[in-house]
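Chains D and G, in that order, are what the protein sequence lines are. When we follow the working numbering, the leftmost residue of the first sequence carries the number 1, and every step to the right adds one. When we follow the working numbering, the leftmost residue of the second sequence carries the number 1001, and every step to the right adds one.
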Amino acid sequence: MRTLTTYFGLMVLLLALMSCSSSKQNYNIQPSVINTTKAVRVSTIVEQRSAGELLRLQTIMLSQFKTKVRYKVEWFNDSGVMLNTILSNWKVKAMLPKKPYSISFIAPNEDAVTYKIFIEKI
Amino acid sequence: MNNLKKVLIVIALFAISACTSTPVKVDVENDLAPTGMGLDYRDFSEAAEKMVESMLISGAIDHPDGSRFVLAISRITNDTMQRIDTDQLVKKIRVSLLKSRKVVVTTAVSANGAEDKMSYQARELRNNDEFDQSRVAGKGTMIAPDFSLSGKIIQRNSTTHRNKTQVDYYFQLSLTDISSGLAYWEEEIPIIKRGSSNTVSW
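Okay, here's the thing in structure tokens:
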């Protein structure tokens, strides 16, 4: 009887915890770099945003080998909704070995508060 | 033997018809197909994107009190060998500038007259008893532009090493303050293509 009560209590506790965790989904998007190429390294992203200005990003790509990549940025507002803009188009870069390439982006408007940068080999 | 030839011809015709490709819709956001020597939608998109980036970074369209400047579209000349509607470039720029909330474009004034003549046609309803005059646009309500956007698309052809053809396209734009006549922003975006001399760029 005691074992049954214990199991029942644990089950109730588990159900309560599950309902608490699913009550609100978090759409928070963290700034990130999604780099699917093993040969290309990306340095730390430098962010700049003065009051009333647009968010600007800059970073450096470096490849060990001669390669061709394409990269883009997707911008998101504070609700996690992606902003549709031509500034998110793919850009192509032919990279020479061990030569650093600086890439920069500017947000389409002041709603853009976070971003994802994509880099892939083509 | 004659019957065999006829059968082979029929089979060959069927095979050829089966090989013809059906049209496919291009995913414009992930189009990795080779480019041609002429200007295609990807070139206009790239040029427009770089122009908008340059304009936003320059700060020329940052209004001191945070409101929006009014922009009129002036003459954009096509100096290429292709039949281009310069709106292929300008419309993309206008859409991005509008989304930036720094600029709004007037369609009542442009180099070719009003882009949307309805602004004027609606005013002809004044003193027309059929219309509620309180809903007709009043005098002195249109907003004059602060800036104008003008430019040119240039093409230069040349022959390079091993008889290849190089086509240089230059997208040039200027943003002029209408009050002072001064260009507060200018940019030139080159798009260079190199290919076989057998291809054409028109």
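Think of the CB as a built atom: it goes at the ideal place given N, C-alpha and C, for glycine as much as any other residue.
Residue contact check for G:E1187 against chain D: no CB pair falls below 8 Å. The beta carbon of G:S1045 sits closer than 8 Å to some beta carbon of chain D. Residue burial annotation: D:L96 is exposed, with fewer than 16 other C-beta atoms found within 10 angstroms of its C-beta. DSSP, read as helix, strand or coil, puts G:D1079 in strand.
In terms of Cβ geometry, G:Q1166 and G:E1188 do not form a close pair [threshold 8 Å]. Rounded to the nearest angstrom, the gap between the Cα atoms of G:T1107 and G:I1153 is 22 Å. If you ignore the 5 residues before and after G:E1115, its C-beta comes within less than 6 Å of the C-beta of T1107, all in its own chain and listed in chain order. Within the same chain, Cβ atoms closer than 6 Å to the Cβ of D:Q58 are found at V46, S104, the five residues on either side in sequence being excluded. The contact set of D:N109 on chain G, defined by CB atoms closer than 7 Å, consists of K1099, S1100, R1101 in chain order. Spanning the alpha carbons of G:L1056 and D:Q30 requires a straight line of approximately 24 Å.
Of all residues in the segment 86-107 of chain D, those with a C-beta nearer than 7 Å to a C-beta of chain G are I86, L87, N89, I106, reading in chain order. Close CB contacts of D:D78 within its chain, under the 7 Å cut and outside five residues either way in sequence, are with V113 (chain order). Distances from the alpha-carbon of G:R1042 to those of D:K98, D:I86, D:L62 put D:I86 closest.
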